[in-house]
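Numbers 1 to 969, taken from the working numbering, label the letters of the sequence shown in order. For each residue, glycine too, the CB sits at the ideal point set by N, CA and C. One structure is given here, and the rest of the page talks about it.
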Amino acid sequence: MEPTPEQSPHHAYPDHWEADVVLRDGGTARIRPITTDDAERLVSFYEQVSDESKYYRFFAPYPRLSDRDVHRFTHHDYVDRVGLAVTIGGEFIGTVRYDRINDQGRPASAPADEAEVAFLVQDAHQGRGVASALLEHIAAVARERGIRRFAAEVLPANNKMIKVFRDGGYTQRRSFEDGSVHLTLDLEPTEKSLAVQRGREQRAEARSVQRLLAPGSVAVIGTGRTPGGVGRTVLRNLLASGYTGRTYAVNRAFDEGMTTLDDVPAHRSVGEIDEQVDLAVIAVPAHRVPEAVADCGEQGVQGLVVLSAGYAERGAEGRELQRELVRQARSYGMRIIGPNAFGIINTAESVRLNASLAPESPARGRIGLFTQSGAIGIALLSGLHRRGAGLSSFISAGNRADVSGNDFLQYSFEDQDTDVALLYLESLGNPRKFTRLARRTAAVKPVVVVKGARHSGSTPPGHAVPVSRIPDATVSALMRQAGVIRVDTVTEMVDAGLLLAGQPLPAGPRVAILGNSESLGLLTYDACLAEGLRPRPPIDLTTAASPQDFRDALADALADGTCDAVIVTAIPWVGENGEAETGDGQVLATALHKAVAGGAAKPVAVVHVEIGGLAEALAAASSTAAPRPRTVTPADRTRAATTSSTAPAPRTGAPAAPQASTAPEATPTPETATDHGPGRIPAYPAAERAVRALAEAVKYAQWRRQAAVPGKIPEFLDDTIDEPGAAALIEAQLATAPDPRGRPLTHDEARELLGRYGIAVRPTLPAPDPEAAVAAAARLGYPVALKTTAPHLRHRADLGGVRLDVADEEALRRAYGELTDLLGEPAELLPVVQAMAPRGVDTVVRASIDAAAGAVLSFGLAGAPSELLGDTAHRLVPATDRDAAELIRSIRAAPVLFGWRGSAPVDTAALEELLLRLSRLVDDHPEVVSVALEPVVVAPHGLTVLGASVRLAPPPARSDLGPRRLPNY
Numbered sequence: 001m002e003p004t005p006e007q008s009p010h011h012a013y014p015d016h017w018e019a020d021v022v023l024r025d026g027g028t029a030r031i032r033p034i035t036t037d038d039a040e041r042l043v044s045f046y047e048q049v050s051d052e053s054k055y056y057r058f059f060a061p062y063p064r065l066s067d068r069d070v071h072r073f074t075h076h077d078y079v080d081r082v083g084l085a086v087t088i089g090g091e092f093i094g095t096v097r098y099d100r101i102n103d104q105g106r107p108a109s110a111p112a113d114e115a116e117v118a119f120l121v122q123d124a125h126q127g128r129g130v131a132s133a134l135l136e137h138i139a140a141v142a143r144e145r146g147i148r149r150f151a152a153e154v155l156p157a158n159n160k161m162i163k164v165f166r167d168g169g170y171t172q173r174r175s176f177e178d179g180s181v182h183l184t185l186d187l188e189p190t191e192k193s194l195a196v197q198r199g200r201e202q203r204a205e206a207r208s209v210q211r212l213l214a215p216g217s218v219a220v221i222g223t224g225r226t227p228g229g230v231g232r233t234v235l236r237n238l239l240a241s242g243y244t245g246r247t248y249a250v251n252r253a254f255d256e257g258m259t260t261l262d263d264v265p266a267h268r269s270v271g272e273i274d275e276q277v278d279l280a281v282i283a284v285p286a287h288r289v290p291e292a293v294a295d296c297g298e299q300g301v302q303g304l305v306v307l308s309a310g311y312a313e314r315g316a317e318g319r320e321l322q323r324e325l326v327r328q329a330r331s332y333g334m335r336i337i338g339p340n341a342f343g344i345i346n347t348a349e350s351v352r353l354n355a356s357l358a359p360e361s362p363a364r365g366r367i368g369l370f371t372q373s374g375a376i377g378i379a380l381l382s383g384l385h386r387r388g389a390g391l392s393s394f395i396s397a398g399n400r401a402d403v404s405g406n407d408f409l410q411y412s413f414e415d416q417d418t419d420v421a422l423l424y425l426e427s428l429g430n431p432r433k434f435t436r437l438a439r440r441t442a443a444v445k446p447v448v449v450v451k452g453a454r455h456s457g458s459t460p461p462g463h464a465v466p467v468s469r470i471p472d473a474t475v476s477a478l479m480r481q482a483g484v485i486r487v488d489t490v491t492e493m494v495d496a497g498l499l500l501a502g503q504p505l506p507a508g509p510r511v512a513i514l515g516n517s518e519s520l521g522l523l524t525y526d527a528c529l530a531e532g533l534r535p536r537p538p539i540d541l542t543t544a545a546s547p548q549d550f551r552d553a554l555a556d557a558l559a560d561g562t563c564d565a566v567i568v569t570a571i572p573w574v575g576e577n578g579e580a581e582t583g584d585g586q587v588l589a590t591a592l593h594k595a596v597a598g599g600a601a602k603p604v605a606v607v608h609v610e611i612g613g614l615a616e617a618l619a620a621a622s623s624t625a626a627p628r629p630r631t632v633t634p635a636d637r638t639r640a641a642t643t644s645s646t647a648p649a650p651r652t653g654a655p656a657a658p659q660a661s662t663a664p665e666a667t668p669t670p671e672t673a674t675d676h677g678p679g680r681i682p683a684y685p686a687a688e689r690a691v692r693a694l695a696e697a698v699k700y701a702q703w704r705r706q707a708a709v710p711g712k713i714p715e716f717l718d719d720t721i722d723e724p725g726a727a728a729l730i731e732a733q734l735a736t737a738p739d740p741r742g743r744p745l746t747h748d749e750a751r752e753l754l755g756r757y758g759i760a761v762r763p764t765l766p767a768p769d770p771e772a773a774v775a776a777a778a779r780l781g782y783p784v785a786l787k788t789t790a791p792h793l794r795h796r797a798d799l800g801g802v803r804l805d806v807a808d809e810e811a812l813r814r815a816y817g818e819l820t821d822l823l824g825e826p827a828e829l830l831p832v833v834q835a836m837a838p839r840g841v842d843t844v845v846r847a848s849i850d851a852a853a854g855a856v857l858s859f860g861l862a863g864a865p866s867e868l869l870g871d872t873a874h875r876l877v878p879a880t881d882r883d884a885a886e887l888i889r890s891i892r893a894a895p896v897l898f899g900w901r902g903s904a905p906v907d908t909a910a911l912e913e914l915l916l917r918l919s920r921l922v923d924d925h926p927e928v929v930s931v932a933l934e935p936v937v938v939a940p941h942g943l944t945v946l947g948a949s950v951r952l953a954p955p956p957a958r959s960d961l962g963p964r965r966l967p968n969y
């Protein structure tokens with residue numbers, strides 16, 4: 001929508017202010033600037049506002065807008081006068097405007113930094129969070145235009161508007177003047193305002209998914225008149241699942257006299273249905289989808305599941321069709337699952353929804369499943385069914401043009417029917433947001449992820465997402481930091497999900513192994529060692545062991561305080577005639593369940609070989625009723641937040657609905673009690689699979705205990721950091737950069753900038769000839785190092801470009817000659833001289849900013865072996881003291897730093913401090929887009945940074961810090 005000539009020509013229409021948002025009830029709306037074309041919409045909107053709301057807006061009866069009012073409210077310069085509108089179906093449901101004012105409250109222009117703000121929301125849409133969303137967006141617009149404060153006059157009786165300002169989280173001042181409340185809001189985002197914003201986002205997005213999964217009525221659009229076809233299959237599955245709501249069959253090809261199909265009311269369009277339709281499943285060809293969406297939108301349908309294919313998976317033309325589909329649906333306030341989706345399932349007894357192509361509804365269980373692939377969804381549903389596991393919910397998002405894995409995490413966090421969230425992802429549309437949501441969700445329930453398309457180097461067909469250049473190993477490390485259990489295959493996902501959904505979390509890595517096969521026990525023992533667990537010697541019950549022997553041994557292991565988990569191994573019994581007997585799996589399963597029921601809360605897994613019916617009996621032996629979560633009280637949350645890592649391990653379980661809070665980002669409790677007996681015991685056909693699942697549970701439990709007491713950024717850093725000085729240097733350097741992409745700093749410039757943050761880089765002096773090298777050495781003092789700085793030789797000591805411990809002038813001249821004779825002319829090699837550093841371990845410290853993932857801190861040992869093996873660890877910035885300590889200990893070569901093979905341990909405390917200082921630099925100054933400190937020589941006492949490279953550039957946009965909005969891919 002473009003401005004007319006009547007508007008200020010030098011302020012173009014700001015289309016980047018347009019945004020789709022999710023409202024409090026889960027519906028969507030569009031926020032955009034008001035233009036002169038909106039006069040009729042504004043008048044129509046105002047006519048639908050009650051007299052009371054008009055009185056609150058204008059402080060007097062104001063039944064209609066004058067022509068002058070309409071002109072004033074639709075003509076803006078987008079700088080000193082701005083108006084935003086919230087629209088659904090193209091019509092206004094709420095507006096906000098600001099006018100810049102001076103100290104006397106009169107209209108003004110910059111540099112005045114205060115504006116008067118006023119809201120008006122249609123009565124029918126009050127209570128949906130419209131004003132709160134408008135406040136976030138108008139505040140962001142004002143900050144962009146140099147406005148730092150809002151002033152508002154509110155009548156004392158207008159409690160709703162006062163609450164909007166009060167709950168926004170901004171610093172505010174309040175006074176009572178001339179019969180009205182005068183409010184002043186500082187618009188600088190605060191920790192509280194950001195927490196409020198994210199809390200509202202979480203509740204709204206969770207509610208939007210909940211509306212899709214628990215509709216009161218479903219219309220299947222595209223149901224064929226004859227059996228078969230996608231639409232008819234979905235209708236059949238809906239009926240077979242026992243869906244508790246109303247169901248309708250819709251097809252424009254139905255005969256006018258046709259009233260039912262499969263005993264379901266049949267209609268030619270959604271518009272013919274007399275009752276409210278909450279969810280529509282669209283199964284028509286792509287070219288007919290817009291007509292179906294419009295039909296649904298006009299009738300107030302709340303959400304869509306689009307099974308139709310022919311969109312972004314078909315190329316550029318299909319991608320544009322997909323974008324138009326999303327725009328059309330959101331214009332009516334609807335969210336979309338799909339297109340090219342497989343469907344959705346909700347097994348809750350009050351819903352029993354199977355709006356998918358899955359022929360059978362899974363059993364009711366405690367696992368939530370999200371997948372971006374229909375084929376993988378089928379495989380996961382089948383695998384879970386074979387293993388006796390049930391689901392709470394299932395979403396197959398297809399091209400996931402709208403509802404994504406992030407939305408599923410928002411829903412899973414609050415869903416009390418879900419104990420474990422499983423996600424198969426092929427792309428991450430917003431990695432920053434994903435890691436934030438995953439960290440919060442993982443604090444109360446496990447999140448298990450399989451990431452497909454890891455090495456393809458391109459986005460999967462149908463997924464239009466921002467490109468991230470960070471390698472998959474970095475993505476995996478960042479997921480681990482957020483508490484995500486990252487596995488490689490869907491089989492491993494099922495294995496881990498079964499253990500986490502049915503068993504308590506282990507208190508540590510100590511594992512007891514018992515069974516009736518010595519060989520299987522040894523295989524399990526070896527697998528535990530390979531996964532970093534601490535197994536006890538296997539207990540061999542011999543092949544003559546009875547189910548009672550298994551029960552007694554398991555009970556003893558559970559009572560033993562020196563083990564944290566138990567793996568039971570079982571093979572078929574051998575009869576007196578020497579032939580193998582399959583045994584009675586039900587009897588053994590019952591014995592194991594009885595031992596678990598009377599023992600301590602420790603995870604138990606079973607590895608079995610060809611024992612008929614055992615896996616099924618273990619999965620079904622306990623009650624099939626889902627546990628009833630008890631409400632987690634504030635006292636529980638406080639107790640959990642102060643739990644030390646030595647406290648008993650918490651059981652997994654669904655959290656209670658979050659309490660209303662202005663700080664929803666606080667770490668939730670890791671404990672949720674459930675009223676149920678022994679859980680299902682997972683069974684595995686191979687020792688390696690059981691052990692791998694248990695190892696993931698051990699690492700996750702450790703992360704969760706640590707997350708209850710988060711790390712800190714040491715205060716001592718504040719006394720040795722010159723943030724304003726660094727900012728001035730960065731501003732000056734960028735001002736001289738002709739390239740808008742930024743520029744690399746010279747060695748001296750990098751030294752000066754890093755020095756502002758207490759990072760000392762050992763100086764180097766150029767040595768273009770032997771005489772210059774001798775002069776440099778005399779200045780620095782012997783012994784010195786002579787090294788090349790040519791790009792193709794930098795940090796390549798293996799190519800002979802470095803001479804160390806040069807003791808005197810004669811040795812220096814000799815080394816210089818050898819270097820040039822071997823590698824080339826000085827002009828090509830760019831030699832430098834540097835004072836020798838104390839001996840130690842050579843390491844590499846880096847930080848870089850990825851537009852999608854954010855700032856990442858990396859650490860590894862220097863040298864070709866580490867590079868070849870990819871032995872580098874990563875953490876998101878800002879890093880805490882715990883992050884820094886874990887970072888240097890998480891590489892495989894970490895023992896080298898701690899006295900490996902009798903060598904002296906190095907000063908890891910100094911290394912951690914360096915990591916924290918670098919993290920602080922890139923966090924404070926997003927213009928620092930990359931830093932490489934190489935090598936960093938860490939000695940037994942102290943460290944030396946021998947080389948540093950820094951690149952500055954205008955900071956990439958931070959979508960996670962602006963007002964909440966739905967992505968537009």
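Which of the three DSSP states, helix, strand or coil, is assigned to K787? strand
Inter-residue spacing [alpha-carbon to alpha-carbon] between N411 and L212: One point to set straight first is that residue 411 is Tyr, not Asn, in the sequence displayed. Going from the Cα of Y411 to the Cα of L212 covers about 11 Å.
Grouping DSSP H, G and I as helix and E and B as strand, with all else coil, what is P967? Coil.
Can you give the beta carbon distance from E275 to S217, rounded, assuming they're within the 8 Å contact cut? About 7 Å; that satisfies the 8 Å criterion.
Compute the distance between the beta-carbons of L384 and P359, then report whether it is under 8 Å. No, Cβ-Cβ distance for L384 and P359 is not below 8 Å.
Out of curiosity, what's the CA-to-CA distance linking L830 and V82? 57 Å
Counting pairs of Cβ atoms below 8 Å between the segment 687-695 and the segment 487-504, do you hit three or more? Judged by Cβ distances under 8 Å, the segment 687-695 makes contact with the segment 487-504, as three or more pairs qualify.
H998 - containing alpha helix (DSSP H), residue span: Past the edges of the chain, shown from 1 to 969, lies residue 998, and the structure says nothing about it.
Residues of its chain near L861, where Cβ-Cβ distance is below 6 Å and the 5 sequence neighbours each way are ignored: T843, A893
Rounded separation between P504 and A605 - CA only: 11 Å
Do you know how far the Cα of P682 is from the Cα of E518? 21 Å
Could you tell me which uninterrupted alpha helix (DSSP H) segments, each at least 4 residues in length, are contained entirely in the segment 266-331, listed from first to last along the chain? 289-298, 316-331
Are the Cβ atoms of I221 and A266 separated by less than 8 Å? no
Fully enclosed by the segment 416-459, which alpha helix (DSSP H) runs are 4 residues long or longer? 431-442
Taking the straight line between their C-alpha atoms, what separation do you get for W900 and L754? Roughly 31 Å between the two C-alpha positions.
Should K712 be labelled buried (16 or more other beta-carbon atoms within 10 Å of its own) or exposed? exposed
Between which two residues does the beta strand (DSSP E) holding P33 run? 28-33
Does the Cβ-Cβ distance between R814 and A785 come in under 8 Å? Cβ atoms of R814 and A785: not closer than 8 Å.
Just to confirm, is the Cβ distance from A112 to R100 under 8 Å? Yes, Cβ-Cβ distance for A112 and R100 is below 8 Å.
Can you tell which of F92, E188, R173, H182 has the C-alpha that lies nearest to the C-alpha of A139? E188
Which same chain residues, not among the five before or five after Q702, have their C-beta less than 6 Å away from its C-beta? none
Helix, strand or coil for T944? Go by DSSP, reduced to three states. Reduced to three states, the DSSP call for T944 is strand.
Pull up the distance between the alpha-carbon of G231 and that of R32, whole angstroms please. Going by C-alpha positions, G231 is about 36 Å away from R32.
In or out: P215 buried (at least 16 other Cβ within 10 Å) or exposed? buried
In angstroms with no decimal places, state the Cα-to-Cα distance between R917 and Q834. 24 Å
What does DSSP give as the partner residue(s) for D514 in the beta ladder? The question names Asp, but residue 514 is Leu in the sequence shown. For L514, which the question treats as bridged, DSSP gives the partners I539, V568.
Classify F58: buried if its beta carbon has 16 or more other beta carbons within 10 angstroms, exposed otherwise. The Cβ neighbour count for F58, taken over all protein chains shown within 10 Å, is under 16; the residue is labelled exposed.
Please report how far the alpha carbon of S208 lies from the alpha carbon of G27, in whole angstroms. 6 Å
Spatial neighbours of R158 within its chain, please: CB distance less than 6 Å, with the 5 preceding and 5 following residues excluded, ordered by chain position. Just to set this straight, residue 158 is Asn in the shown sequence, not Arg. Excluding sequence neighbours, N158 sits near Y56.
Short check: CB of L857 to CB of L897, under 8 Å? no
Using the Cα positions of A939 and G947, report the straight-line distance between them to the nearest angstrom. 16 Å
Per-residue burial, R419 [other beta carbons within 10 Å of its own, 16 or more giving buried]: The residue you asked about is not Arg; residue 419 is Asp in the sequence shown. With 16 or more Cβ atoms within 10 Å of its Cβ, D419 is classed as buried.
If we count Cβ pairs, one from each stretch, closer than 8 Å, do we get three or more for the segment 386-399 versus the segment 368-377? yes
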